[in-house]
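Protein chains: 2
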Amino acid sequence: MPRKSSVTIKDVARKAGVSIATVSYAFNNADSISDETRQRVFAAAAALGYRPNVRARNLRTQESRILGYSWHPLPKDHWHPVLDRFIYGMAEAAEAEGYHILTFAGSTGDDVWSPYEELLTSGRVDGFILSDTNENDPRIRCLLDRGFPFVAFGRANEAWDFPYVDVDGETGIYKAVKHLFDLGHRRVGILAWPEDSLTGEYRYAGYKRAYKEIGLVADPQWTVRCLNSVDESATAIETLMHLPPDRRPTGVVTMSDMIALGVINKLYAMGLQPGRDMAIVGFDDIPTAQYIHPSLSSVRQPIKAVSHLAVEMLLSLIRGEKLKRRQVLLEPDLIVRASSGVSIG
Amino acid sequence: MPRKSSVTIKDVARKAGVSIATVSYAFNNADSISDETRQRVFAAAAALGYRPNVRARNLRTQESRILGYSWHPLPKDHWHPVLDRFIYGMAEAAEAEGYHILTFAGSTGDDVWSPYEELLTSGRVDGFILSDTNENDPRIRCLLDRGFPFVAFGRANEAWDFPYVDVDGETGIYKAVKHLFDLGHRRVGILAWPEDSLTGEYRYAGYKRAYKEIGLVADPQWTVRCLNSVDESATAIETLMHLPPDRRPTGVVTMSDMIALGVINKLYAMGLQPGRDMAIVGFDDIPTAQYIHPSLSSVRQPIKAVSHLAVEMLLSLIRGEKLKRRQVLLEPDLIVRASSGVSIG
DNA sequence: TTTACTCACTTAAACGTTTAAGTGAAAGGG
DNA sequence: CCCTTTCACTTAAACGTTTAAGTGAGTAAA
Chain F
21 MPRKSSVTIK DVARKAGVSI ATVSYAFNNA DSISDETRQR VFAAAAALGY
71 RPNVRARNLR TQESRILGYS WHPLPKDHWH PVLDRFIYGM AEAAEAEGYH
121 ILTFAGSTGD DVWSPYEELL TSGRVDGFIL SDTNENDPRI RCLLDRGFPF
171 VAFGRANEAW DFPYVDVDGE TGIYKAVKHL FDLGHRRVGI LAWPEDSLTG
221 EYRYAGYKRA YKEIGLVADP QWTVRCLNSV DESATAIETL MHLPPDRRPT
271 GVVTMSDMIA LGVINKLYAM GLQPGRDMAI VGFDDIPTAQ YIHPSLSSVR
321 QPIKAVSHLA VEMLLSLIRG EKLKRRQVLL EPDLIVRASS GVSIG
Chain E
21 MPRKSSVTIK DVARKAGVSI ATVSYAFNNA DSISDETRQR VFAAAAALGY
71 RPNVRARNLR TQESRILGYS WHPLPKDHWH PVLDRFIYGM AEAAEAEGYH
121 ILTFAGSTGD DVWSPYEELL TSGRVDGFIL SDTNENDPRI RCLLDRGFPF
171 VAFGRANEAW DFPYVDVDGE TGIYKAVKHL FDLGHRRVGI LAWPEDSLTG
221 EYRYAGYKRA YKEIGLVADP QWTVRCLNSV DESATAIETL MHLPPDRRPT
271 GVVTMSDMIA LGVINKLYAM GLQPGRDMAI VGFDDIPTAQ YIHPSLSSVR
321 QPIKAVSHLA VEMLLSLIRG EKLKRRQVLL EPDLIVRASS GVSIG
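One line per chain: the protein sequences are F and E, in this order.
For any residue, its number in the working numbering is found by taking its place in the first sequence, counting from 1, and adding 20.
For any residue, its number in the working numbering is found by taking its place in the second sequence, counting from 1, and adding 20.
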């Protein structure tokens, strides 16, 4: 059944008048090949349009030069705010080193591990990039146990020592709160994720840090927990708005632009003007953030840097090198737009 | 260098007391293997945790069971509205048939073809899915010339006979215009892409069809050409708004939600109320469309269907089957929201 | 002059499968 | 009872590389 593939190392060897080993050495620039022979080999290869067959090479070298990445389908009306940039960044970084990215669909059930297992044991990929990690993430546990190369975008169980890149959400939220303080706000609320969210708690720590630093005490009522949905955030902001005017926050930071959108919509629905009657800062800097009304201040994650770094770390691991830094936190930037309102000094 | 891979067909054969050929036949469920032997082989394989090595299989069968997909990085502030869903859909469909998706970064220069050539001649992929096609797309031309399997999401040169799936943009815009007619509008404008955009012209045909059907004549001044940017669309809508009130459109359809966002912002900036002073319909149904203010009516592309169909067609081509339908147009849906305004009957 | 070493290759094995061809036993037909 | 066919396997070649080991010529050292 296997049809002859177009042009192989044998054809090049014949044409150049050398053995196939010489061709291989020439291509892998071993130094025991004379310049003259190397030129002859390259000329023959070019004339025939030869390209080494990656399948044969993979079998021989026991590698695939492919990195696996999967993400979970999000519920309807949700979306991964910057996934395209993330995948593109990984592909860029991988291709610079002769690797490629295989994107696979994570299982929808509770058995998140088995697609990874499949790709791993069949030799399809040399390593994994993980994202959307959570504490006690079974994927991390299994990969650690197997000693299989991977790098996570996101932290997990602090007792586990595994390589990751993450965005310093604490600093992100800290910057957001500080920004509102700088504008003169003294009562800043937060719509935070439930306490079981690791990422959420890192970010929430930034809220507390900002208060501590400025020497104020945040009223516990200014912290409202809500999930990543427009509906929940509408309810949450309502809770805040129903506080008595002199104890009601004048600004609010949120865990995602999605939540910020819910806040904006709810404020409009209550006849209020977002940005004027309530300062709002989002998180993610989704592409539309700058175009909505009012344009949304938001914490922007350095996605390109994250993706490049994660891939570079993974390639180091695959090559058996020791990482200089196994855990890296990258600082996000605050993008200030109209939803912050103006100084109320 | 090549370390022994974990457990191979030989180990299974030894454990089951058969030859490796028998193991292979058992796994590829050939019918010349007795049930009893098959059970023994499976038991041995399960006990050892055997999984066929995909690299060896690939070499032997001269295939990779990988489909390549690339997209171009968009300029800053632009984004591929539904890319994550598209890739996810492809991965889903491919995995159901034992294939995987390799996402690679298209070249940023003018040599769009070479990354494809590389993956093709090295045997990395068995076929390609293309998107963001344009007329005389060099990728399509080269792939056709080589006879290499591919399916495009999007049409191209009408003289070329190649397999594609596309969304029927004409019907999409037709539905949008008709919808505004139904609300009582009689002067509906369009912010259309420049005439060199193939996709744009298909959609523009829907605009003309709607007018023809209702028996009205669209004033040429109601067609304003603009690129896919917020800035250009702001200028474009301004042009429309500067027409005398009795000859100014009362509603406008656009080629993308991005353009619609620019329109909304500009109208606010002019002190007007989008949805009330001007009905607006977008295209793409980006995730935020339902959350912005006013929520945006939009033409939604059936991305999941497109991605699944494209993959299925590609797999048929790879298997050498004849396609029942080489060219498929899928109908988009109009999602009606607040930006359409209410009936002005 | 012999010996040892370097150089620039070649030979051949291996990577783990798939699959065409071969084989021996059992069954069936005359 | 012999011949053919079927069944259920096994043997062995092949897929296209990489790379350890081998080789013969030329050079340098003793």
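Beta carbons are placed, not taken as given, at the ideal position from N, Cα and C, and that holds for glycine.
Given the structure is predicted, the values throughout are model-derived calculations rather than measurements.
Considering only 141/E, 285/E, 231/E, 111/E, the residue with the shortest C-alpha distance to residue 209/E is 231/E. With a threshold of 7 angstroms between beta carbons, residue 136/F makes no contact with chain E. Close partners of residue 184/F in chain E (Cβ separation under 8 angstroms) are lacking, with about 22 angstroms as the shortest Cβ gap. Cβ proximity to chain F below 8 angstroms picks out 306, 307, 308, 310, 311, 312, 313 from the segment 292-324 of chain E.
Using a Cβ distance threshold of 7 angstroms, residue 144/E and residue 74/F count as a contacting pair. For residue 111/E, a Cβ of chain F is located within less than 7 angstroms of the residue's own Cβ. Of the candidates 109/F, 261/F, 87/F, 238/F, 87/F places its Cα closest to the Cα of residue 119/F.
Contact annotation: residue 226/F and residue 194/F have beta-carbon atoms nearer than 7 angstroms. By the beta-carbon neighbour count (other beta carbons within 10 angstroms, threshold 16), residue 156/F is exposed.
Contact with chain E is absent for residue 181/F, since none of that chain's Cβ atoms lies less than 7 angstroms from the residue's Cβ.
Across the structure, residue 130/F and residue 98/F are spaced so that their CA atoms are roughly 19 angstroms apart. For residue 158/E, the nearest beta carbon of chain F is not closer than 7 angstroms to its own beta carbon.
Within chain F, no C-beta atom comes nearer than 7 angstroms to that of residue 165/E; the closest sits roughly 14 angstroms away. Neighbourhood of residue 130/F in chain E, by CB distance below 7 angstroms: empty, with the nearest CB roughly 18 angstroms away.
Between residue 254/F and residue 220/F, the C-beta spacing is not below 7 angstroms. Residue-level contact check: residue 124/E touches chain F, since one or more beta carbons of chain F fall below 7 angstroms from its beta carbon. Not flagged as an interface residue toward chain E: residue 52/F, since no C-beta distance is shorter than 7 angstroms.
Taking a C-beta distance under 7 angstroms as the contact criterion, residue 43/E and residue 33/E qualify as a contact pair. Closest in alpha carbon position to residue 339/F, among 60/F, 168/F, 362/F, is 168/F.
Counting only residues of its own chain and dropping the five nearest sequence neighbours on each side, residue 29/E has a CB closer than 6 angstroms to the CB of 40, 43. Here residue 141/E carries a helix assignment [DSSP, helix/strand/coil].
For residue 116/F, the secondary structure class from DSSP, reduced to helix, strand or coil, is coil.
Residue pairing by DSSP places residue 123/F opposite 89/F, 121/E in a beta bridge. Judged by beta-carbon spacing, residue 332/F lies beyond the 7 angstroms limit of residue 188/F, meaning their Cβ atoms are not closer than that value. Along the length of the segment 261-286 of chain E, whole beta strand (DSSP E) runs at least 3 residues long occupy 271-274, reported in chain order. With its beta carbon at least 7 angstroms from every one in chain E, residue 92/F lies outside the interface.
Here residue 318/E is bridged, per DSSP, to 302/E, 355/E. Interface criterion met: the Cβ of residue 115/F is under 7 angstroms from a Cβ in chain E. The segment 299-317 of chain E makes no contact with the segment 159-176 of chain E; the number of CB pairs closer than 8 angstroms stays below 3. Here the segment 263-276 of chain E makes contact with the segment 227-246 of chain E; the two share three or more CB pairs at distances below 8 angstroms. Taking 7 angstroms as the threshold, the shortest C-beta distance from residue 174/E to chain F does not fall below it. Inclusion of residue 303/E and residue 326/E in the CB contact set at 7 angstroms is not warranted, their separation being larger than that value. Residue contact check for residue 104/F against chain E: a CB pair falls below 7 angstroms. For residue 326/E, the enclosing alpha helix (DSSP H) stretches over residues 323-338.
Among the residues of chain F, those whose CB is under 9 angstroms from the CB of residue 100/E are 104, following chain order.
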